[in-house]
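Written below as C-alpha cells is the structure these notes are about.
Protein chains: 2
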Amino acid sequence: MEKKDVLAGLAALAQETRLDIFRLLVEAGPEGRSAGSIAEALAVAPATLSFHLSALTNAGLILQRRESRSLIYSADFGRMTGIVGFLSENCCGRSANAGACIPVCAPTPEAANGEKTASPRCGC
Amino acid sequence: MEKKDVLAGLAALAQETRLDIFRLLVEAGPEGRSAGSIAEALAVAPATLSFHLSALTNAGLILQRRESRSLIYSADFGRMTGIVGFLSENCCGRSANAGACIPVCAPTPEAANGEKTASPRCGC
DNA sequence: GGGTCATTTCGACACTCATGGAAATATCGT
DNA sequence: ACGATATTTCCATGAGTGTCGAAATGACCC
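What follows is the structure in C-alpha cells.
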C-alpha cells in the first residue's frame, strides 16, 4: 500500500456523505447495493450520489458491477484493510505497540493470496 | 470517538503535507518537534506550515506546548488510535473479523484510564 | 424501434482550501 | 528597552470541491 493510495483513500472518506455511503456498503457486504438504493437510504440527489460514488471508485475503495438495469456498488474490504494497516504502522508509533491490537476484517481472498500485504498481523 | 471527530481527523490527514507532518511527529514520539524543525525537515514555508499545524491541532491530532522561544508539537497517539479503531469497527466489516488483527500503539495513559475507549481490543 | 427505468455526464454556482509574502506577536539575552 | 529569533496572523490569489437541475447514456420489455 503506497502513500498516495492511502492519501486518496483518506480524502475519499473525509467527507460525511462518502463516509456514510462507504459504511452502508460495508454493512451490505460483498453483495453490495444499487446506486438507487443508496440514494434513497441517504436521501441524496442522484447526480450528487454519482459524483461521490465515482470519487470512492477512483480512490479504489469500492467496486462497481452491473446487474441488469442497476449498477451495484460494494466495498473493497482489502483496500480498506490496507489503509487501516498503513495508518497503524506509520501513524500510531512503532516502538510502543506491544500487545494492543485492533480487530480487523478477515483478509479477503485476493488479499490472502497474492498481493503482498504490508500489514503485519499479530499472531493472536 | 464520534463520527464527526473521525471525519475531522480524516480530513486533516488527507493532505500530503499534513500526513507528512503527522508521520514526522509520530516518529518523534512524545517529545515532539519544534515548528521550525518541521518546516526545515519538510521544506515548507513557515506560514504554510503554521496553517497545517493549526489544521492538525483543530482536528485534535496533535498537541502544542511552548518551550522558551519554540513551539513544540507532538502527536496525540490516543486520538489516532481512536480513529483507527473507528475505521476498523465501522468500515472493515463486522461479521468477518474473527482472528485477524492489526497491531496498534499501546494506549496512552489518558486513553488507558478514563475516556471510554470504544474500540474493543482483542485479547491476544 | 419506442417507451421506460436506472444512472451518469454536463454545466453552473457558491464555497472551501493550500500557498506564501508581509506584518504582527511572543520570548529571550544583553 | 532593544535587537534577534521563532512562530503566527493577515491578506490575496489560484485551484479544487460539493451540490443539483437538465440532458445524455445504457438496459430492458413489449
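Line by line, the protein sequences give chains A and R.
Counting in full-length UniProt numbering, the first sequence runs from 1 upward without gaps.
Counting in full-length UniProt numbering, the second sequence runs from 1 upward without gaps.
Positions of the beta carbon are idealized from the N, C-alpha and C atoms, including for glycine.
Small disclaimer: the values here were computed from a predicted structure and weren't measured.
query = Rounded to a whole number of angstroms, what is the C-alpha to C-alpha distance between A:SER34 and A:GLY9?
reply = Taking the first residue of the first sequence as position 1, residue 34 of chain A is located at position 34. Taking the first residue of the first sequence as position 1, residue 9 of chain A is located at position 9. For A:SER34 and A:GLY9, the distance between alpha carbons rounds to 21 Å.
query = Out of curiosity, what's the CA-to-CA distance linking R:SER50 and A:ALA75?
reply = Here residue 50 of chain R corresponds to residue number 50 of the second sequence, with the count starting at 1. Here residue 75 of chain A corresponds to residue number 75 of the first sequence, with the count starting at 1. Rounded to whole angstroms, R:SER50 to A:ALA75 spans 36 Å at the Cα level.
ask   = What in chain R is Cβ-close to A:THR81, meaning under 7 Å?
value = For this step, residue 81 of chain A is matched to residue 81 along the first sequence. Those are CYS92, listed as they occur along chain R.
inquiry  = Please report whether the beta-carbon of A:VAL84 lies at a distance below 9 Å from any beta-carbon of chain R.
reply    = Stepping through the first sequence from its first residue, residue 84 of chain A is reached at position 84. Taking Cβ atoms only, chain R reaches closer than 9 Å to A:VAL84, which makes this a yes.
request  = Report the residue ranges of all alpha helix (DSSP H) runs contained in full by the UniProt domain "HTH arsR-type" (1-95) of chain A; include only those spanning at least 4 residues, in chain order.
outcome  = 3-13, 16-28, 35-42, 46-58 and 77-91
inquiry  = I want to see whether chain R comes within less than 9 Å of A:GLN15, judged by CB atoms only; does it?
reply    = Start at 1 with the first residue of the first sequence, and residue 15 of chain A comes out as number 15. Interface residue, yes.
query = Would you say A:VAL6 faces chain R, with C-beta separation under 9 Å as the test?
reply = Counting from 1 along the first sequence, the entry for residue 6 of chain A is found at position 6. With 9 Å as the cut-off, A:VAL6 counts as an interface residue toward chain R.
ask   = Do three or more CB pairs link the stretch 63-77 of chain R to the stretch 4-19 of chain R at distances below 8 Å?
value = no
key: Buried/exposed call for A:SER54, threshold 16 Cβ in 10 Å   = Translated into the one-based positions of the first sequence, residue 54 of chain A becomes position 54. Flag for A:SER54 reads exposed.
ask   = Can you name the residues of chain A whose CB is closer than 7 Å to the CB of R:ALA11?
value = Counting from one through the second sequence, the residue named residue 11 of chain R turns up at place 11. Those are ALA14, listed as they occur along chain A.
ask   = Can you give the Cα-Cα distance for R:LEU61 and A:GLY36, rounded to whole angstroms?
value = Counting from 1 along the second sequence, the entry for residue 61 of chain R is found at position 61. Counting from 1 along the first sequence, the entry for residue 36 of chain A is found at position 36. Answer to the nearest angstrom: the Cα atoms are 36 Å apart.
ask   = Count the other CB atoms within 10 Å of the CB of A:THR48; is the residue buried (16 or more) or exposed (fewer)?
value = Reading the first sequence from its first residue, position 48 is the one you call residue 48 of chain A. Exposed is the call here.
key: Within chain A, partners of R:VAL26 - CB distance below 9 Å   = In the second sequence, residue 26 of chain R corresponds to position 26, counting from 1. Simply ASN90, CYS91, CYS92, GLY93 and ARG94.
message = Let me confirm a value: A:ARG79 is counted as buried when at least 16 other C-beta atoms fall within 10 Å, else exposed. Which label applies?
response = Here residue 79 of chain A is taken as the residue at index 79 of the first sequence, counted from 1. Its Cβ being crowded by 16 or more others within 10 Å, A:ARG79 is buried.
query = Are the C-beta atoms of A:ARG69 and some chain R residue less than 9 Å apart?
reply = Walking along the first sequence from the start, residue 69 of chain A turns up at place 69. No - not a single Cβ of chain R is within 9 Å of the one on A:ARG69.
message = Can you find the residues in the same chain that come closer than 6 Å, C-beta to C-beta, to R:LEU7, ignoring five residues on each side of it along the sequence?
response = The residue given as residue 7 of chain R occupies position 7 in the second sequence. Same-chain partners within the cutoff: there are none.
ask   = How long is the line joining the alpha carbons of R:GLY93 and A:GLU27, rounded to whole angstroms?
value = Here residue 93 of chain R refers to the residue found at position 93 of the second sequence. Here residue 27 of chain A refers to the residue found at position 27 of the first sequence. Their backbone Cα atoms lie some 6 Å apart in a straight line.
ask   = Do R:ALA14 and A:LEU13 have their C-beta atoms closer together than 9 Å?
value = Start at 1 with the first residue of the second sequence, and residue 14 of chain R comes out as number 14. Start at 1 with the first residue of the first sequence, and residue 13 of chain A comes out as number 13. Closer than 9 Å, so yes.
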